[in-house]
Structures are given as C-alpha cells and as structure tokens.
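Asker:
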Amino acid sequence: MKRILFFLFIAIMASSCVSLDKVTYLQDAENYRKGDKTEFPNSHTTDYKVQAGDNLYIDVKSLDTKTSNPFLANQSMGYQMSTEAGVYLNSYLVNDSGYINFPVVGKVMVKGLTVNDVRDRLQKVVDEYFQFTTVTVKLVNFKISLLGEVERPGTYQVYQNSINVFQAISLGGDLTNFANRKKISVIRKTKDGSSIHTINLLKSDILTSDAYYLQPDDIVYVEPMSNKNFTFEAFPYAILFSTISTTLLILNFLK
Numbered sequence: 001m002k003r004i005l006f007f008l009f010i011a012i013m014a015s016s017c018v019s020l021d022k023v024t025y026l027q028d029a030e031n032y033r034k035g036d037k038t039e040f041p042n043s044h045t046t047d048y049k050v051q052a053g054d055n056l057y058i059d060v061k062s063l064d065t066k067t068s069n070p071f072l073a074n075q076s077m078g079y080q081m082s083t084e085a086g087v088y089l090n091s092y093l094v095n096d097s098g099y100i101n102f103p104v105v106g107k108v109m110v111k112g113l114t115v116n117d118v119r120d121r122l123q124k125v126v127d128e129y130f131q132f133t134t135v136t137v138k139l140v141n142f143k144i145s146l147l148g149e150v151e152r153p154g155t156y157q158v159y160q161n162s163i164n165v166f167q168a169i170s171l172g173g174d175l176t177n178f179a180n181r182k183k184i185s186v187i188r189k190t191k192d193g194s195s196i197h198t199i200n201l202l203k204s205d206i207l208t209s210d211a212y213y214l215q216p217d218d219i220v221y222v223e224p225m226s227n228k229n230f231t232f233e234a235f236p237y238a239i240l241f242s243t244i245s246t247t248l249l250i251l252n253f254l255k
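Under full-length UniProt numbering, the final residue of the sequence shown carries the number 255; numbering is consecutive throughout.
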C-alpha cells in the first residue's frame with residue numbers, strides 16, 4: 001500500500017511540472033544566426049499610423065504665453081492635464097476625412113501619418129505664424145488588453161509610439177507557467193469588423209509577423225495549456241496530501 005501511495009505521489013508531481021520547452025521563448029533563434037548576430041527583418045511598420053477616429057493630444061509651448069494661448073482653446077479648464085481624463089478631453093479627434101481642426105491654423109490632414117510625422121507637420125505649420133514654439137503630439141487612445149493566462153490581465157495605456165507583443169506581455173507581468181505559448185490570439189479591429197492573428201511565441205518567425213507590433217485596441221488572448229486542471233494551481237493538493245498522510249498513519253498504527 002505504501003508503494004502504491006508513493007508512486008501515486010510521484011505521478012501527480014510529475015504531471016504538475018511544466019517543461020522548459022513549453023515556456024522558453026524564441027527557441028529556434030540560433031538557427032537564424034549569421035556570425036555574431038541574429039536578424040529578423042520586419043517589413044511591417046513599427047510606428048502606428050493615425051487613422052480616422054483617433055484622438056491626438058497636441059500641446060504648443062512657447063516662451064511667450066501670448067503665442068501659445070490661441071492653441072489652448074481646446075483645453076477644458078476643469079480637468080488637470082496630468083490626469084488621463086484631462087488629456088483625453090483636451091485631445092483632437094481625427095474626423096472621417098482624416099483631418100483635425102486646429103486653432104488658428106484650421107484643418108490639418110493627419111491620417112496615414114505617424115505621431116512623429118504629425119508633430120513635424122504641425123510644427124512646420126505653427127512656425128508660419130509664431131517663432132520659438134515647440135509642438136508635442138501624443139496618441140491618446142493607444143490601449144491594449146491582455147486576457148487569459150497573464151499574471152496581471154487588464155487594459156494598459158501605451159505611451160510610446162509603438163509596442164510589440166513581448167513588450168505588451170511584460171506590462172502584464174509575463175505569462176503564467178501554464179500559458180499555451182504556442183497559441184496566442186491577437187484580436188484586431190478592421191474596417192470590416194475584426195481579425196484574429198494566431199502567433200507562436202516559441203518560434204522566431206513571430207518577429208516577422210504582422211501581429212508582432214500591436215495596434216490601438218488590440219486584444220491579446222492567451223489560452224491555457226490542456227493540463228492546467230491537473231496542476232498545483234487548480235488541483236486540491238493540500239487535501240490529497242492530508243489524506244495520504246492520514247492513511248499512512250493509520251497503516252502504521254494497524255501494524
């Protein structure tokens with residue numbers, strides 16, 4: 001009986017372990033090495049291009065406050081700019097035609113430009129009216145959602161101009177030990193609805209995928225491994241081990 005319980009214990013422990021080949025990222029990267037480096041060219045743009053419906057926060061600074069005041073007309077005084085709500089309410093909506101309506105300047109085409117390109121275009125336009133100004137542009141609505149086997153699932157604000165799937169996962173504290181890294185779904189809005197890109201984090205070809213760089217409102221869903229229900233996280237091991245210990249004590253007592 002003791003042997004049976006012992007082997008049962010070993011079998012359960014073995015089934016609860018996760019091997020490294022299921023959790024190690026980019027396992028085949030060495031196969032692509034050339035000399036002392038490994039390169040994976042990605043033809044898909046890293047910086048997001050502004051689309052209709054986006055919100056842009058635009059700030060014009062100048063040593064002369066009279067110069068910058070005309071560009072503050074869009075700002076709501078009831079909200080501090082340090083808050084997320086304040087930044088959003090003081091942003092400029094890109095209309096269906098791709099324009100924003102900017103004070104003094106009027107309509108400015110921004111659709112299809114990166115955030116840095118928008119900044120450069122506005123800087124050039126503002127310079128035609130005033131001197132010694134600095135224009136700052138931020139994409140307000142760049143948020144991504146992490147669901148499933150993530151340590152800290154949730155919706156995250158992205159403050160840089162681009163983010164890849166590994167950076168997104170790091171925002172959520174990495175994947176859990178029982179995440180199926182072979183099957184990650186990136187759900188993306190399209191003009192006609194939604195699309196689902198399935199990527200494998202264990203393979204290096206993800207670095208050339210069009211889903212490697214995320215876009216605003218992307219949802220990253222991580223499926224669990226099929227054996228999760230038999231792991232430490234889900235199985236009532238405390239009860240099982242207590243039962244085994246009690247059984248062994250009874251057997252010793254009956255000897």
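In this text, a Cβ means the ideal position worked out from N, Cα and C, and glycines have one as well.
Flag this pair as yes or no: are the beta carbons of Val118 and Val110 separated by less than 8 Å?
Answerer: Taking the first residue of the sequence shown as position 1, residue 118 is located at position 118. Taking the first residue of the sequence shown as position 1, residue 110 is located at position 110. Val110 sits close to Val118, with the two beta carbons spaced by under 8 Å.
Asker: Apart from the five residues on each side of it in sequence, which residues of its chain come closer than 7 Å, Cβ to Cβ, to Leu201?
Answerer: Along the sequence shown, one-based indexing puts residue 201 at 201. Cβ neighbours of Leu201 beyond the five flanking positions: Tyr25, Arg181, Ile184.
Asker: Return helix, strand or coil for Arg188, following the three-state DSSP convention.
Answerer: In the sequence shown, residue 188 corresponds to position 188, counting from 1. Secondary structure at Arg188: strand, using DSSP grouped into helix, strand and coil.
Asker: Relative to the C-alpha of His197, which residue among Asn55, Gln51, Phe102, Ile219 is closest?
Answerer: The residue labelled residue 197 in the question sits at position 197 within the sequence shown. Here the closest residue by C-alpha is Ile219.
Asker: Just to confirm my understanding: we take Met77, look at its own chain, exclude 5 residues before and 5 after, and list those with CB closer than 8 Å. What are they?
Answerer: Looking up residue 77 in the sequence shown gives position 77. Because the pLDDT of Met77 is 49, which lies under 50, any placement of that residue in the model is unreliable, and the number read from its coordinates should be weighed accordingly. Nothing listed; no residue qualifies.
Asker: Beta-carbon within less than 8 Å of Val87's beta-carbon, same chain only, minus the 5 sequence neighbours each way: which residues are those?
Answerer: By one-based count along the sequence shown, residue 87 stands at place 87. The residues are Tyr57, Met81, Lys138, Val140.
Asker: Leaving out five residues on either side along the sequence, give the residues of the same chain with a beta carbon under 6 Å from the beta carbon of Tyr99.
Answerer: The sequence position of residue 99 within the sequence shown is 99, counting from 1. Beyond the five residues adjoining it in sequence on each side, Tyr99 comes within less than 6 Å, by CB distance, of Lys107, Met109 in the same chain, given in chain order.
Asker: Between Asp47, Pro103, Asp54, Gln27, which lies nearest to Val60 when the distance is taken from Cα to Cα?
Answerer: Within the sequence shown, numbered from 1, the residue matching residue 60 stands at position 60. Checked all of Asp47, Pro103, Asp54, Gln27; the closest Cα to Val60 is Pro103.
Asker: According to DSSP, is Thr24 helix, strand or coil?
Answerer: Residue numbering aside, residue 24 sits at position 24 when the sequence shown is read from its first letter. Under the three-state reduction of DSSP, Thr24 is assigned to coil, being neither helix nor strand.
Asker: Would you tell me roughly how many angstroms separate the C-alpha atoms of Asp64 and Gly53, rounded to the nearest one?
Answerer: Translated into positions along the sequence shown, residue 64 becomes position 64. Translated into positions along the sequence shown, residue 53 becomes position 53. Asp64 and Gly53: Cα-Cα distance of roughly 33 Å.
Asker: Given this structure, state the Cα-to-Cα distance separating Phe142 from Thr246, to the nearest angstrom.
Answerer: Walking along the sequence shown from the start, residue 142 turns up at place 142. Walking along the sequence shown from the start, residue 246 turns up at place 246. Going from the Cα of Phe142 to the Cα of Thr246 covers about 56 Å.
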